[in-house]
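**Student:** Numbering (the numbering used here), first residue to last: 139 to 280. Where a beta carbon is used, it is the ideal one built from N, C-alpha and C, also for glycine. Just dropping this structure here.
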Amino acid sequence: MLSAIMNKIEIVTIALGALYIHEKRPRWIMEYVENEMLKDEDIIISVDGSDTIVTERENFDRSVEYFTDVSAATEQDFSSDAVMKGIQISPIIFLADPHCYAPQLDNIIDSMHKEHEARCHWFYKYAYEFADKNSLTSLMRK
């Protein structure tokens, strides 16, 4: 969502306050497409907003300011080498690795997915060790 905001991409919230069930999301999106009379060339990116929590405006503003300060302002200013060295951050922020996805509320309540938790801990332990050995600690935050 932050990347969308920073790139002036419109964010629309649908089904706010509704009981969320994965099977309902496609129907909500189709209803939105039909109600807004979107065209074939319009692009829709679906984001599960339940993973986005902003606790106070000051933290949000500070995050946006940091993002704009250390990410490239234009495509020409972007350098993948600078990102790898920790000088810049990627203009897109996300976590999508196959070994450790967020199991939603399992992180804060007693989990029945202990094998997932173990795999997730292993993945991050390995990533931190790799970052330490290769002087990439600025890319990893505990």
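What residues in its chain sit with their C-beta under 6 angstroms from that of L157, if we drop five residues either side in the sequence?
**Tutor:** none
**Student:** Taking C-beta to C-beta, are S209 and P229 nearer than 7 angstroms?
**Tutor:** yes
**Student:** Per DSSP, which one or two residues make a beta bridge with S209?
**Tutor:** I227
**Student:** Once the 5 residues before and after I167 are set aside, which same chain residues still bring their CB inside 8 angstroms of it?
**Tutor:** I152, I182, S184
**Student:** Please report the distance separating the alpha-carbon of Y262 from that of I225.
**Tutor:** 22 angstroms
**Student:** If you run the structure through DSSP and keep just helix, strand and coil, what is T201?
**Tutor:** According to the sequence displayed, residue 201 carries Ser and not Thr. Reduced to three states, the DSSP call for S201 is helix.
**Student:** On the three-state DSSP scale, how would you describe V171?
**Tutor:** helix
**Student:** According to the neighbour-count rule (16 or more other Cβ atoms, all chains shown, within 10 Å of its Cβ), is S273 buried or exposed?
**Tutor:** Counting of Cβ neighbours within 10 angstroms places S273 among the exposed residues, the total staying below 16.
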